[in-house]
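2 protein chains.
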Amino acid sequence: MPKPMRADARRNYERLLKEAALAFTEHGVDASLDDIAKRAGVGSGTLYRHFPTRQDLLGEVYADRIDELADQAVEFGASGRPPGQALADWLQKLAEQLIRLRGLRALLGAAMADGSTPVISGCSGRLTDAAGELLTAARQAGAARADLETAEMLRLTHAVAMAAELGADGPPDVRRCLVLMIEGICGDDRRAMSL
Amino acid sequence: MPKPMRADARRNYERLLKEAALAFTEHGVDASLDDIAKRAGVGSGTLYRHFPTRQDLLGEVYADRIDELADQAVEFGASGRPPGQALADWLQKLAEQLIRLRGLRALLGAAMADGSTPVISGCSGRLTDAAGELLTAARQAGAARADLETAEMLRLTHAVAMAAELGADGPPDVRRCLVLMIEGICGDDRRAMSL
DNA sequence: ACCTGAACACCGTTCAAGT
DNA sequence: ACCTGAACACCGTTCAAGT
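For the protein sequence lines, the chains are A and B, in the order given.
Every letter in the first sequence is one number past the one before it in the numbering used here, and letter 78, counting from 1, is 542.
Every letter in the second sequence is one number past the one before it in the numbering used here, and letter 11, counting from 1, is 475.
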């Protein structure tokens with residue numbers, strides 16, 4: 465139970481979040497923190513008081529997006545869709561967001577990289593759980609390869625979202641990327657290439 | 465035909481390359497340029513004279529690695545292996561290097577991202593060509609999906625190499641990652657999931 | 001309790017002065 | 001022709017002083 469903030473503190477907190485969101489989409493994840501503080505009309509110390517690290521700031525900025533994605537996973541799972549379809553649909557939502565929001569991508573990338581920082585693993589925990597249930601259901605329906613783990617699937621999606629952005633030709637084609645990824649995820653027994 | 469450098473210039477050039485390679489593997493792609501200059505025993509201006517941008521420096525540091533990979537692609541293509549196998553084997557070599565050498569990964573990532581800078585597209589041009597021939601042969605043998613483009617394949621490999629490093633559990637498993645990618649690349653007609 | 005902004009450390013880049 | 005290193009701009013982070 466977070467004790468209520470003083471009025472001015474809360475106002476600064478919200479201004480910072482708003483300006484940070486703007487800065488991250490405009491200038492990328494490495495946007496100047498000093499700039500964010502200036503635009504929010506507060507001293508730089510205030511920013512650090514509220515958000516000790518850049519990751520903390522990222523986490524708060526995108527907390528809602530992450531929650532929405534987790535909600536959607538639960539919703540898709542209960543929608544009556546075939547489990548494989550539910551997973552595919554959700555992965556598409558995830559990939560779309562990862563491509564659109566660079567900050568979210570950096571945040572989840574860090575979350576999957578170490579998973580140590582409590583802030584980060586905390587905010588991505590629900591997401592991982594929800595994704596895991598979608599995957600389990602798909603596996604049981606024979607729609608996903610049996611040896612695929614949740615973390616692995618999320619890492620791969622993350623990677624594909626990055627690859628999509630590397631493509632110079634116009635806005636990245638989410639579907640195309642997912643086709644490539646999913647047809648791998650499905651698994652097959654044609655092995656014209658082997659390792 | 466690059467006109468020969470003055471003796472001291474050449475010595476500094478080589479010292480810089482050596483220290484840069486060290487710094488990139490030790491501290492990542494964002495290693496301090498000033499530090500590199502200091503360790504090489506030259507002024508920072510000298511570094512900028514030889515390598516106007518960080519990309520230029522990266523390009524020179526990893527030029528040999530890129531050439532080796534291109535050579536290997538040609539060699540595998542002429543080795544008598546089934547075309548699908550030749551492609552798979554080469555992709556494994558590529559992925560291994562991308563995972564091992566962070567600097568090379570950053571460089572090729574940039575090369576595939578815009579492909580504009582002459583230095584970058586220059587050094588990666590041979591690589592792309594060689595990879596393209598391997599892919600074409602594999603396609604004609606029915607070992608690779610018909611709609612897959614070379615740039616797309618390389619971007620995907622790059623992405624998969626990044627995903628591999630996100631895994632916290634020990635050294636990244638190249639083979640595992642490639643299995644996931646290749647079984648997607650091969651294409652199949654089982655579509656338990658669809659988009 | 002919270003905020004401000006000066007101060008410090010660090011890095012990239014340029015350029016006048018030196019050889 | 002090439003090198004040096006001081007100078008400048010910029011950023012992150014801390015902390016003493018203020019309310």
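Cβ coordinates follow ideal geometry from the N, Cα and C atoms, glycine included.
All of these numbers come straight from a predicted model, not from anything done at the bench.
Are residue i and residue j closer than 7 Å when you measure CB to CB?
i               : j               : result
L555 of chain A : T600 of chain A : no
V493 of chain B : G567 of chain B : yes
P527 of chain B : G541 of chain B : Correcting the residue identity first, residue 527 of chain B is Ala in this sequence and not Pro. Against a cut-off of 7 Å, the Cβ pair of G541 of chain B and A527 of chain B comes out as no contact.
I563 of chain A : A625 of chain A : yes
R479 of chain B : A504 of chain B : yes
I500 of chain B : E524 of chain B : no
M576 of chain A : L630 of chain B : yes
A537 of chain B : L598 of chain B : yes
C641 of chain B : A623 of chain B : no
L663 of chain A : L497 of chain A : No answer is possible for residue 663 of chain A: it lies beyond the span of chain A, which begins at 465 and ends at 659.
L521 of chain A : L571 of chain A : no
T614 of chain B : A595 of chain B : yes
Which whole-angstrom value is the C-beta distance of residue i and residue j, which I expect to be below 8 Å?
i               : j               : result
A436 of chain B : G548 of chain B : Absent from the structure is residue 436 of chain B, since the part of chain B shown begins at 465 and ends at 659.
E539 of chain A : V638 of chain A : At roughly 20 Å, the Cβ-Cβ gap does not stay under 8 Å, so E539 of chain A and V638 of chain A are not in contact.
A605 of chain B : P546 of chain B : 7 Å
Q519 of chain B : A473 of chain B : About 21 Å separates the two Cβ atoms, so there is no contact after all.
Which residue marks the beginning of the alpha helix (DSSP H) containing residue i, and which one marks its end?
i               : result
M626 of chain A : T614 to L630
T510 of chain B : S508 to H514
A550 of chain B : P547 to R564
A471 of chain A : A471 to H491
D499 of chain A : L497 to A504
G449 of chain A : Here chain A comprises residues numbered 465 to 659, so residue 449 of chain A is not present and cannot be evaluated.
- Item | Contact residues within the region 611-623 of chain B, judged by C-beta distance below 7 Å to chain A | Hits within the stretch, in order: R619, L620, H622 and A623.
- When Cβ atoms are compared, which residues of the region 515-549 of chain A fall closer than 7 Å to chain B? Answer in chain order: G548 and Q549.
- Query: Relative to chain A, which residues along the region 591-609 of chain B have a C-beta separation below 9 Å, given in chain order?
  - Reply: Of all residues in the region 591-609 of chain B, only A602, A605, G606, A607, A608 and R609 come within less than 9 Å of chain A when Cβ atoms are compared, listed by chain position.
- Query: Which of the residues in the region 482-499 of chain A, read from start to end, lie with their CB under 7 Å from any CB of chain B?
  - Reply: Against chain B - using a Cβ distance shorter than 7 Å - the region 482-499 of chain A contributes no residues.
- Message: Residues of the region 467-482 of chain A in Cβ contact with chain B at a cutoff of 7 Å, in chain order, please.
- Response: The residues in question: there are none.
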